[in-house]
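First the structure, in the form of structure tokens, and then the observations on it.
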Amino acid sequence: MSSMALKLLKPLGFPEKLNMASLIKALVVPMSGILIFLFIWNIGARNIHTSLGEFPGPAQVYEQSKNLLSEHNRERQKEAAFYQRQDDRNAKKLAKNPDAEIKIRGYTGKATFIDQIGTSLVTVLAGFFAASLIAIPAGIIIGLNKTLYSAFNPVIQLFKPVSPLAWLPLVTMVVSAVYVSDDPMFAKSFVTSLITVSLCCLWPTLLNTAVGVSTISADLNNVSKVLRLSWLTHVIKIVIPSAIPMIFTGLRLSLGIAWMVLIAAEMLAQNPGLGKFVWDEFQNGSSNSLGRIMVAVIVIGLIGFMLDRIMLMLQKKVSWDKSQELR
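In my numbering, the protein residues as written are 208 to 534.
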């Protein structure tokens, strides 16, 4: 198999050297599982009848995915035509009067399925990075100090299992009261979703970082003392490299939780994104709604999988122990 193909397959968990046996294991077995799933799904869907009609099978979902893509392309064409009309109108106005004041109005067409995907991805990554910026430094500090760990562990355990559905009303009220501006940099819906995601996904990273830091080998700590490293140098040279595997375990868990939390928050608060798309289709109640919702479900799963694979690639890149098998 070509080196280019190997590079494409490696992030998905395939071995670097593929012979026939490993190729069967790496490709044929997973594909067999997918085909079996599609067969069971197709048979099951035919026997499920809802108030909106028959439950969508793979063929119906594929058809709706094409429809959603076509809707997105039509909307982009409308947007391009909208701006072109403005440009033509402004050009005529400037031709008559070079000093004329021209205005460019933003396109206000409805967000498409592809637009909702982009909105959700931006929001989840922003919330995840915000949570990581808090959780990793806090986890390092707590992990290095047993007293702090004992003091904050009950608080962490208290808030860790709280559902996003419980946080969302509180966050919405606080954002509405505090985030007041005539010309806000970010929409309130974005800020609300970001904070909700951050509050729910920072705990795995915080805990795993603290545990990883607290379990550093005594020999490494002794070397640091012998070399009389400063606190910051000790953290950078000893603590972080040693705790990298646990930190990334927490980050992968946090990113998965962030993605799930975001979809639920968007559905409940009706904030722009995939969650809102699912809820709008459910409320729409057309004959195509179930198929479109199923497309969204599959896309949500695929995006979650790809986000995890990206984190795995980063973990393999920065991990000092290259012999460790990571999945």
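A virtual CB, placed ideally from N, CA and C, is assigned to each residue, including glycine.
{"Item": "For arginine 499, the first and last residue of its enclosing alpha helix (DSSP H)", "Value": "496-525"}
{"Item": "Pair within 8 Å by beta-carbon distance, valine 362 and valine 382", "Value": "no"}
{"Item": "Distance between asparagine 495 and cysteine 407 (C-alpha atoms, nearest Å)", "Value": "33 Å"}
{"Item": "Cβ contact (3+ pairs, closer than 8 Å) linking the region 341-356 and the region 485-505", "Value": "no"}
{"Item": "Alpha carbon of aspartate 295 to alpha carbon of glutamate 270, nearest angstrom", "Value": "38 Å"}
{"Item": "Identified DSSP bridge partners for histidine 256", "Value": "Glu261"}
{"Item": "Beta-carbon gap between leucine 355 and isoleucine 347 smaller than 8 Å", "Value": "no"}
{"Item": "Of the listed residues His256, Glu261, Pro265 and Thr257, nearest to isoleucine 243 (C-alpha basis)", "Value": "Pro265"}
{"Item": "Cβ contact check for the region 461-481 and the region 501-508: 3 or more pairs under 8 Å", "Value": "yes"}
{"Item": "Close beta carbons around valine 525, own chain, < 7 Å, minus the five adjacent residues each side", "Value": "Ile451"}
{"Item": "Span of the alpha helix (DSSP H), counted from its first residue to its last, around valine 446", "Value": "Element bounds for valine 446: n/a, residue is neither H nor E."}
{"Item": "Cβ shell of proline 371 (< 7 Å), same chain only, five flanking positions each side left out", "Value": "Thr403, Cys407, Val468, Ala471 and Ala472"}
{"Item": "CB contact flag (leucine 514, serine 461, <8 Å)", "Value": "no"}
{"Item": "Beta-carbon spacing of proline 535, methionine 501 below 8 Å", "Value": "Summary: the structure shown does not reach residue 535, with the chain confined to residues 208 through 534, and so no result is reported for it."}
{"Item": "Rounded C-alpha distance that separates threonine 379 from alanine 373", "Value": "11 Å"}
{"Item": "Validate contact between the region 240-260 and the region 474-483 using beta carbons, cut 8 Å, 3 pairs", "Value": "no"}
{"Item": "Residues near methionine 474 in its chain [Cβ-Cβ closer than 8 Å; skip 5 each side]", "Value": "Gly482, Lys483, Val485 and Trp486"}
{"Item": "Proximal residues to phenylalanine 359 (C-beta, below 7 Å), its chain only, five neighbours per side dropped", "Value": "Ile349"}
{"Item": "Element boundaries [alpha helix (DSSP H), containing alanine 337]", "Value": "320-351"}
{"Item": "Endpoints, the alpha helix (DSSP H) within which glutamate 488 is located", "Value": "481-491"}
{"Item": "Cβ of serine 496 within 8 Å of any chain C Cβ", "Value": "Given the protein chain composition of this structure (a single chain), no chain C is represented."}
{"Item": "CA-to-CA distance, isoleucine 311 to glutamate 286, given in whole angstroms", "Value": "13 Å"}
{"Item": "Rounded separation between proline 376 and valine 385 - CA only", "Value": "14 Å"}
{"Item": "Cβ-based neighbour list, methionine 453, same chain, cut-off 7 Å, excluding 5 preceding and 5 following", "Value": "Asn415, Thr416, Val418 and Gly419"}
{"Item": "C-alpha gap between aspartate 389 and threonine 315, whole angstroms", "Value": "20 Å"}
{"Item": "Integer Cβ distance of alanine 333 from leucine 401, believed to fall under 8 Å", "Value": "5 Å"}
{"Item": "Own chain residues within Cβ distance below 6 Å of leucine 215, not counting five before or after", "Value": "Confidence at leucine 215 is low in this model, with a pLDDT of 49, below 50, so the placement of that residue should be treated as unreliable; the coordinate-derived value is given next. There are no such residues."}
{"Item": "Closest residue to leucine 328 among Arg516, Gly511, Lys523 and Leu521 (Cα-Cα distance)", "Value": "Gly511"}
{"Item": "Simplified DSSP state of arginine 435, which is helix, strand or coil", "Value": "coil"}
{"Item": "Glycine 313 (DSSP reduced to helix, strand or coil)", "Value": "coil"}
{"Item": "Whether valine 446 touches isoleucine 423 by CB criterion (8 Å)", "Value": "yes"}
{"Item": "Lysine 300 beta carbon less than 8 Å from that of isoleucine 309", "Value": "yes"}
{"Item": "N-terminal and C-terminal residue of the alpha helix (DSSP H) that lysine 232 is part of", "Value": "Premise fails: lysine 232 is in no alpha helix (DSSP H) and is neither H nor E."}
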